[in-house]
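S.K.: Below are the structure tokens for one structure; questions will follow.
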Amino acid sequence: MKSGEEFLQLHQYLRVEAFINLAAQPDKQHYSLLALAFECGFNSKSTFNKYFKAVIGETPSAYFGLLRS
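Quick note on this note's numbering: the sequence shown kicks off at 18 and runs consecutively.
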């Protein structure tokens, strides 16, 4: 793996972590997951879903469905 690829993976990981931290805040519960993803720098739903699943192992809806229920 080249250093550019490693940087991209780290960058995506950090954005997913930022998203999870943001979504866990009580005052953000009324925002859609996509709105929070955009706030963390993702520019499309498909890109967000792709990287979230790569980092966490499941879709954002499944992950937060468990947490918010």
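Where is the CB? At the ideal position from N, CA and C, for every residue including glycine.
This structure is a prediction, so every number in the text was calculated from the model and none was measured.
Would you be able to state if there are at least three C-beta pairs under 8 Å between the segment 60 to 78 and the segment 26 to 45?
M.R.: A contact exists between the segment 26 to 45 and the segment 60 to 78.
S.K.: Grouping DSSP H, G and I as helix and E and B as strand, with all else coil, what is S61?
M.R.: coil
S.K.: Note down, in chain order, each residue of its chain lying with its Cβ closer than 8 Å to the Cβ of F59, except the 5 sequence neighbours on either side.
M.R.: Within the same chain, R32, F36, F65, Y68 come within 8 Å of F59 by CB-CB distance, once the 5 residues on both sides are set aside.
S.K.: Tell me whether G21 sits in a helix, a strand or coil according to DSSP, three-state version.
M.R.: helix
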